[in-house]
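Numbering (the working numbering), first residue to last: 15 to 238. We put the beta carbon where it would ideally sit given N, CA and C, even for glycine. Structure first, then comments.
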Amino acid sequence: MSRILIIEDEPRISSFIAKGLRSAGLAPTVCGTAGEGFDQAQTGNFELIILDLGLPDEDGFSLLRRLRATHIDSPVIILTARNSVDDTVAGLQNGADDYMAKPFHFDELLARVRLRLRAEDNGSDTAVLSHGDLEMDLLRRLVTVDGAEVDLSAREFSLAEAFLRNPGLVLSREQLLSRVWGYDFDPGSNVVDVYVRYLRNKLGGERFETVRGVGYRLARGTQP
Ligand code: CA
Numbered sequence: 015m016s017r018i019l020i021i022e023d024e025p026r027i028s029s030f031i032a033k034g035l036r037s038a039g040l041a042p043t044v045c046g047t048a049g050e051g052f053d054q055a056q057t058g059n060f061e062l063i064i065l066d067l068g069l070p071d072e073d074g075f076s077l078l079r080r081l082r083a084t085h086i087d088s089p090v091i092i093l094t095a096r097n098s099v100d101d102t103v104a105g106l107q108n109g110a111d112d113y114m115a116k117p118f119h120f121d122e123l124l125a126r127v128r129l130r131l132r133a134e135d136n137g138s139d140t141a142v143l144s145h146g147d148l149e150m151d152l153l154r155r156l157v158t159v160d161g162a163e164v165d166l167s168a169r170e171f172s173l174a175e176a177f178l179r180n181p182g183l184v185l186s187r188e189q190l191l192s193r194v195w196g197y198d199f200d201p202g203s204n205v206v207d208v209y210v211r212y213l214r215n216k217l218g219g220e221r222f223e224t225v226r227g228v229g230y231r232l233a234r235g236t237q238p
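This is the structure we're talking about:
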């Protein structure tokens, strides 16, 4: 299981990222300051680092330089405000591998995390999920039903993935919203219901059960 270090001072954002990574089968550790993040990183225990630029005790770029100077070579994904993307490009020259502009959707971050982890090698994170005749190749972003390829949008893919990672569990609309749409999404939205309908149309209506008043569940009946 890949260990990810999150250095981010805003608890709302760090817990959102940590929750999402955990449900994607990764092992996150959160640090709220640059000092704490530096110490954690020195353990050499992390396959990847997610680094916020605006930290209370030190600029993220400066921390990144210090990490690289101590030969912490794990890939680093920078989190930055959307209006400082120019600075961020400078950061990429300073030793970062990728960046995400805030606000972002979790699935975008997860895609970048996976890409970086894959570039580092391993394959310890599950790359193919399956349920009955439904199969999802997470790295190639490929979905098949009974061997036939099905075209899903990025959002539909993330939603289907959330179900396949939690077979038999009831997932609430709030869980799905936060997992697939991100922390800035309006909790009163019916977008989850709309997208479950899309998935039913594309992957089979019986596959996703409605649990009245709670949410949705991957149907047990489709398990081989
Ligand atoms: Ca910050």
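Relative to the alpha-carbon of Glu50, which residue among Lys33, Glu188, Pro70 and Arg187 has its alpha-carbon at the smallest distance?
Walking along the sequence shown from the start, residue 50 turns up at place 36. Among Lys33, Glu188, Pro70 and Arg187, the Cα nearest to that of Glu50 is on Pro70.
Cβ of Gly51 versus every heavy atom of ligand 1: is any distance shorter than 7 Å?
Residue numbering aside, residue 51 sits at position 37 when the sequence shown is read from its first letter. Relative to ligand 1, Gly51 has its C-beta separated by 7 Å or more from all heavy atoms.
Can Gly68 be considered in contact with ligand 1, in the sense that its beta carbon sits closer than 7 Å to one or more heavy atoms?
Counting from one through the sequence shown, the residue named residue 68 turns up at place 54. Answer for Gly68: yes, Cβ within range of ligand 1.
Proximity below 8 Å, CB of Ser37 to CB of Leu131:
The sequence position of residue 37 within the sequence shown is 23, counting from 1. The sequence position of residue 131 within the sequence shown is 117, counting from 1. Inclusion of Ser37 and Leu131 in the CB contact set at 8 Å is not warranted, their separation being larger than that value.
If you run the structure through DSSP and keep just helix, strand and coil, what is Val225?
Here residue 225 refers to the residue found at position 211 of the sequence shown. The answer is strand: DSSP assigns Val225 an E or B state.
Count the other CB atoms, across all protein chains shown, that sit within 10 Å of the CB of Val225; report buried if there are 16 or more and exposed otherwise.
Within the sequence shown, residue 225 is the residue found at index 211, counting from 1. Exposed is the call here.
With a cut-off of 8 Å on the beta carbons, I'd call Asp111 and Val127 a contact; round off their distance for me.
Counting from one through the sequence shown, the residue named residue 111 turns up at place 97. Counting from one through the sequence shown, the residue named residue 127 turns up at place 113. Between Val127 and Asp111 the Cβ distance is about 11 Å, and since that is not below 8 Å, they are no contact.
Residues that DSSP places opposite Tyr230 in a beta bridge
The sequence position of residue 230 within the sequence shown is 216, counting from 1. Tyr230 pairs with Leu185 and Thr224.
Flag Glu24 as yes when its Cβ comes closer than 7 Å to any non-hydrogen atom of ligand 1, and as no otherwise.
The sequence position of residue 24 within the sequence shown is 10, counting from 1. With a cutoff of 7 Å, Glu24 counts as near ligand 1, since its C-beta is closer than that to a heavy atom of the ligand.
Between the CA atoms of Gly58 and Ala48 - distance to the nearest angstrom:
Residue 48 sits at position 34 when you count from the first residue of the sequence shown. Residue 58 sits at position 44 when you count from the first residue of the sequence shown. So the two alpha carbons sit approximately 16 Å from each other.
Among the residues of its own chain, which have a CB less than 8 Å from the CB of Ile27, if the five just before and after it don't count?
Along the sequence shown, read from residue 1 onward, the residue named residue 27 stands at position 13. Asp66, Leu93, Lys116 and Tyr197.
Rounded to whole angstroms, how far is the Cβ of Tyr230 from the Cβ of Glu170, which I believe are closer than 8 Å?
As a working mapping, residue 230 is identified with position 216 in the sequence shown. As a working mapping, residue 170 is identified with position 156 in the sequence shown. Not a contact, Cβ separation roughly 14 Å.
Buried or exposed (CB count within 10 angstroms, at least 16 for buried), Val228:
Working through the sequence shown from its first residue, we reach residue 228 at position 214. Burial is judged here by how many other beta carbons sit within 10 angstroms of a residue's own beta carbon; Val228 has fewer than 16 and is exposed.
Answer yes or no: do Arg214 and Leu148 have a C-beta to C-beta separation smaller than 8 Å?
Taking the sequence shown and counting its residues from 1, one reaches residue 214 at position 200. Taking the sequence shown and counting its residues from 1, one reaches residue 148 at position 134. Between Arg214 and Leu148, the CB-CB gap reaches or exceeds 8 Å.
Separation of Asp121 from His145, as counted between CA atoms:
The residue labelled residue 145 in the question sits at position 131 within the sequence shown. The residue labelled residue 121 in the question sits at position 107 within the sequence shown. Looking at the two C-alpha atoms, the distance is approximately 21 Å.
Do Leu62 and Thr43 come within 8 Å of each other at the CB atom, strictly closer than that value?
Within the sequence shown, residue 43 is the residue found at index 29, counting from 1. Within the sequence shown, residue 62 is the residue found at index 48, counting from 1. Against a cut-off of 8 Å, the Cβ pair of Leu62 and Thr43 comes out as no contact.
7 Å Cβ shell around Ala176 - same chain, five flanking residues per side excluded:
As a working note, residue 176 is residue 162 in the sequence shown. The answer, listed in chain order, is Leu185, Leu190, Arg193 and Val194.
Does the distance from the CB of Leu232 to the CB of Leu156 come in under 8 Å?
Counted from its first residue, the sequence shown places residue 232 at position 218. Counted from its first residue, the sequence shown places residue 156 at position 142. At least 8 Å separates the beta-carbon of Leu232 from that of Leu156.
How big is the Cα-Cα spacing for Ser138 and Ile86?
Position 124 of the sequence shown, counted from the start, is the residue given in the question as residue 138. Position 72 of the sequence shown, counted from the start, is the residue given in the question as residue 86. For Ser138, the predicted model reports a pLDDT of 45, less than 50, meaning its position is unreliable; a value from the coordinates is still stated below. Each residue's Cα considered, the two are about 21 Å apart.
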